[in-house]
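At position 5 of the sequence shown the residue is numbered 5 (UniProt numbering), and the sequence of numbers has no breaks. Note sheet for the following structure.
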Amino acid sequence: MNNKSVLRSLGDPQILGDALVESFRKLSPQQQWKNPVMFVVYIGSMLTTLLWVLALNGEGQDPPQFILAITLWLWGTVLFANFAEAIAEGRSKAQAAFLRSAKRDIAAKKLDEPRHDANYSKVAGSSLRRGDVVLIEAGDFVPGDGEVIEGVASVDESAITGESAPVIRESGGDFSSVTGGTRVLSDWLVVRITANPGEAFLDRMIAMVENAKRQKTPNEIALTILLVALTLVFLMATVTLLPFSWYAVATSGSGQPITLTVLVALLVCLIPTTIGGLLSAIGVAGIGRMMQKNVIATSGRAVEAAGDIDVLLLDKTGTITLGNRQASAFIAVAGVTERELADAAQLASMADETPEGRSVVVLAKQKYGFRERDVQSLGATFVHFSAQTRMSGVNIEGRQIRKGAADAIRSHIEEQGGKFQPEFRKVVDDVARRGSTPLVVSEGTRVLGVIELKDIVKGGIKERFAELRQMGIKTIMITGDNRLTAAAIAAEAGVDDFLAEATPEAKLKLIRQYQAEGRLVAMTGDGTNDAPALAQADVAVAMNSGTQAAKEAGNMVDLDSNPTKLIEIVETGKQMLMTRGALTTFSIANDVAKYFAIIPAAFATTYPVLDVLNVMELATPASAILSAVIFNALIIVALIPLALKGIKYKPVGAATLLQNNLLVYGVGGLIVPFIGIKAIDLILVTLGLV
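Structure, rendered in structure tokens:
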């Protein structure tokens, strides 16, 4: 996705203009009720408006101009909170508009039979249903989400991912999924449609973005409950102040009781309006920041869970290593020539659609010229590679040739009544100790040799894992390699643990084991075999290039199909939690300064002794009250950029993070209001407004 065109800056005139209009639309009671803290300010604004009207008619204790000033700034506080949420939603709407622009009603070639050379009829893409089969040729747009069942082609997915480089889509394997709105650049594909109109991936992405503002996360709900509780406490405390004031005046026989206008101003300044006004914007912005990284989250709940996870499952290939594991050598055992091994390895790999399997075929071609085999005339029966069996092979001319992981081949040989000799294990172990991956080739019950696959650990990945360790996150490498190979790569990469010879069942078992211990688990996947584990994980990131089953099982989709993105997702989730925590700390701390400003002023005529609390030496009671209300409104505006951009992420532990919050936002929340309220007071006095 092109972030520059989708995520426009905070100062974008279109977003600001729309947000300003939306701020007034959100003044309806139905909208305000959703935010209890700001609803109290909303009711207070209506009450002071009524008091102002009464003051114009000569009723009330406060001057009309004072009540009007308080009223305008209270309405401003509500509007600024609406504005913060509207800007965050406006950015999301811009993202949704960009995604919607990728939708189009495309003419489709609907096949009568699921094969390339069958007859077809041209229909509208919107009329296609799940199960329909279409032909897509070079230059055609993909009419809907689907799985490739025949053919291989280069596909331009820039309308979805923003990446100009085309990708290969083909039948079988983990790169068989195509998305509606993308374009085939070369060759042809036969695709089975997997989504009805309105249920396609693009439709779901638009709905996710547009509905983000309506989904509250558990932590956000818990914080809202806390804020409501604080608001109720201050509301009850403020209500009781009026009879106390009446009693004090009646007893002393002098002074005047506190006015309703001042009581409303006091209440608004005491309750946590800063975080109350920004809370929704923080949540929506968190999803927006995820979108900046080309990740679609199903809800804010998924983003927040990413910030809470403490176990990270990462595939070795493409995440920890460069992912271009290729066959590099044929190592024959005694009594077998390397040429014989290469011949058998290529035959066994012809039913292996993985990049590793293809590299075996290529290496045999390059070294020994094996090419253009007419296996059909030989009556060959292929055994296709699968994640469950972890081997492939062929039955040809009475020969039963297999190639796969060492333990899979050993089990196969033992099932045939043979024995996996110790010398074979030594060859496998030698390859594994070098950090390479050994694949064993057998014919019947006889081992022919080992294929060595090499891969390279990504630069800087060890430092990334060290950062995650500082955050208290355990990293676990998932690989189909044997334990020796896995251990060598794990040591080089610096992960905390590894799962070798991983099957879908083993991944699922590992996730459940950690969840039973109360841990939150995140993982990535792209294949159908990853779907069970993705469905079980707390944060499941499916690759956009992967199968439809994987994308359905995940609660996030990475449009770039970059397995390393999981680390960035965790950082983004933690950034959202850090932002919420920092602004909550600031909001509660800055109330202290407002106590010193508004309480002495509010009760100046009732309890003159409270004047000793006027530590800021504010000019008049009216100036003190108005300055506190103005600051209370303006601080929301000042913090909008921080709420949308988020606190700068640093990989630190929870204790250090709490300490930093208290020092920076706690102490800052105490100091800034003293300075701000005093400055506003000086301005009001200088301009003669009080």
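A virtual CB, placed ideally from N, CA and C, is assigned to each residue, including glycine.
- With contacts defined by Cβ atoms closer than 8 Å, residue 455 and residue 325 form a contacting pair.
- Under DSSP, residue 594 shares a beta bridge with no residue.
- Restricting attention to 592, 582, 662, the CA atom closest to the CA of residue 648 is found in 582.
- Three or more pairs of CB atoms, one per stretch, sit closer than 8 Å, so the segment 442-455 contacts the segment 326-337.
- With respect to the 8 Å criterion, residue 106 and residue 141 are classified as neighbours on the basis of their beta carbons.
- Straight-line measurement puts the Cα of residue 307 at about 5 Å from the Cα of residue 570.
- Counting only runs of 4+ residues, the alpha helix (DSSP H) found wholly inside the segment 60-139 occupies 64-101, in chain order.
- Where residue 634 is concerned, the enclosing alpha helix (DSSP H) starts and stops at 621-645.
- In terms of Cβ geometry, residue 387 and residue 503 form a close pair [threshold 8 Å].
- Of the residues 529, 538, 508, the one whose Cα lies closest to the Cα of residue 521 is 538.
- Ranked by Cα distance from residue 186, the first of 178, 155, 176 is 155.
- By the CB criterion at 8 Å, residue 482 and residue 501 fall inside the cutoff.
- When the five nearest sequence neighbours on each side are left out, the beta carbons in the same chain lying within less than 7 Å of the beta carbon of residue 310 are those of 472, 473, 474, 519, 520, in order along the chain.
- When beta bridges are read from the DSSP output, residue 188 appears opposite 137, 152.
- Nearest C-alpha to residue 680 among 633, 366, 642, 669: 633.
- Inclusion of residue 135 and residue 83 in the CB contact set at 8 Å is not warranted, their separation being larger than that value.
- Residue burial is scored here from C-beta neighbours: residue 316 has at least 16 other C-beta atoms within 10 angstroms and is therefore classed as buried.
- Residue environment for residue 42: buried (at least 16 other C-beta atoms within 10 angstroms of its C-beta).
- DSSP, reduced to helix, strand and coil, places residue 37 within a helical segment of the structure shown.
- DSSP places residue 544 outside both helix and strand once states are collapsed to three, so it counts as coil.
- Its chain contains no residue whose beta carbon lies nearer than 6 Å to that of residue 689 once the 5 sequence neighbours on both sides are disregarded.
- When DSSP states are grouped into helix, strand and coil, residue 219 belongs to the helix group.
- Counting only residues of its own chain and dropping the five nearest sequence neighbours on each side, residue 553 has a CB closer than 6 Å to the CB of 531, 534, 535.
- One alpha carbon belongs to residue 73, the other to residue 27, and they sit about 15 Å apart.
- Around the Cβ of residue 598, a 10 Å sphere holds 16 or more other Cβ atoms; the residue is buried.
- By the criterion of a C-beta distance shorter than 7 Å, residue 62 is surrounded in its chain by 55, 259, 261, once the five residues flanking it on both sides are discounted.
- Counting only unbroken stretches of 4 or more residues, the alpha helix (DSSP H) elements lying wholly within the segment 489-577 are 504-516, 531-536, 548-553, in sequence order.
- In its chain, beyond the 5 residues on either side, 597, 618, 677, 680, 681, 684 have a beta carbon closer than 7 Å to the beta carbon of residue 627.
- Sixteen is the threshold: since fewer than 16 other Cβ atoms of the shown chains lie within 10 Å of the Cβ of residue 251, the residue is exposed.
- Here residue 424 carries a helix assignment [DSSP, helix/strand/coil].
- Straight-line spacing of the CA atoms in residue 128 and residue 380 works out to 38 Å.
- Pairing residue 566 with residue 541 gives a Cβ-Cβ distance under 8 Å.
- When rounded, the separation of the alpha-carbon atoms in residue 529 and residue 508 is 11 Å.
- The three-state reading of DSSP puts residue 158 in helix, counting H, G and I together.
- When the beta-carbon positions are compared, residue 478 and residue 457 stay at least 8 Å from each other.
- Counting only unbroken stretches of 4 or more residues, the alpha helix (DSSP H) elements lying wholly within the segment 330-386 are 338-349, 355-368, in sequence order.
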